[in-house]
């Protein structure tokens, strides 16, 4: 999805367009659920976190001054819901059926390796590669400096190379 289309939907939704709000919801809902589920490994908790995040985002949408920042704002809202509710637990390895259902990535071997990463590195890899967010967006979501995101990505890639060569 082009960032300009999302920004257009955001601006229209800010003006009261229910169709644009619905388009945003349809576009982001599966991605947000996947992100939340991987964070808590519980579909009910993930659903609650995403639902609550949408409620907060819809109430604060008119205050968003930069429509291009909507995606990172939305992911950050889900992340904060998980943290605020105290429901964020360590990532657990997903079985093959869950990997197929929750990931757009088709290479299950690589996803198994990603599951072996430390939680912080895994989260950065998932946001950057699986959710296709930019370094700036990941930085904004995790509220870390972009240099920290880059170093975590570097370490995660190095670890993945070592894991891959060891198999």
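Numbering (the numbering used here), first residue to last: 50 to 216. Glycine is no exception: its CB is placed at the ideal position from the N, C-alpha and C atoms. In this text the structure is predicted, and so the values were computed from the model without any measurement.
Sub-8 Å separation of residue i and residue j beta-carbons
{"i": "residue 97", "j": "residue 82", "result": "no"}
{"i": "residue 175", "j": "residue 87", "result": "yes"}
{"i": "residue 208", "j": "residue 181", "result": "no"}
{"i": "residue 117", "j": "residue 56", "result": "yes"}
{"i": "residue 113", "j": "residue 122", "result": "yes"}
Proximity winner among the options, relative to residue i (alpha-carbon distances)
{"i": "residue 53", "options": "73, 67, 66", "result": "73"}
{"i": "residue 212", "options": "200, 64, 164", "result": "164"}
{"i": "residue 124", "options": "173, 168, 66", "result": "173"}
{"i": "residue 162", "options": "127, 112, 206, 187", "result": "206"}
{"i": "residue 177", "options": "80, 68, 69", "result": "80"}
{"i": "residue 201", "options": "108, 94, 90, 168", "result": "168"}
{"i": "residue 89", "options": "203, 198, 179, 134", "result": "134"}
{"i": "residue 65", "options": "214, 193, 109, 199", "result": "109"}
{"i": "residue 179", "options": "160, 193, 197, 192", "result": "160"}
Sequence-distant residues of its chain with Cβ nearer than 7 Å to residue i (five each side left out)
{"i": "residue 130", "result": "98, 101, 102"}
{"i": "residue 111", "result": "63"}
{"i": "residue 195", "result": "184, 185, 188"}
{"i": "residue 128", "result": "190"}
{"i": "residue 69", "result": "58, 61, 62"}
{"i": "residue 85", "result": "95, 98, 99, 127, 131"}
{"i": "residue 199", "result": "184"}
Residue span of the alpha helix (DSSP H) that contains residue i, given as start and end
{"i": "residue 77", "result": "67-89"}
{"i": "residue 102", "result": "92-109"}
{"i": "residue 112", "result": "Premise fails: residue 112 is in no alpha helix (DSSP H) and is neither H nor E."}
{"i": "residue 205", "result": "195-215"}
{"i": "residue 132", "result": "119-133"}
{"i": "residue 63", "result": "52-63"}
{"i": "residue 172", "result": "168-174"}
{"i": "residue 183", "result": "Careful: residue 183 lies outside any alpha helix (DSSP H) and carries neither H nor E."}
Sequence-distant residues of its chain with Cβ nearer than 8 Å to residue i (five each side left out)
{"i": "residue 120", "result": "52, 55, 77, 182, 186"}
{"i": "residue 166", "result": "174, 205, 208, 209"}
{"i": "residue 192", "result": "125"}
Same chain, Cβ closer than 6 Å to residue i, neighbours up to 5 away in sequence not counted
{"i": "residue 126", "result": "102, 105, 106"}
{"i": "residue 138", "result": "Note on residue 138: pLDDT 43, under 50, position unreliable in the model; no value is reported."}
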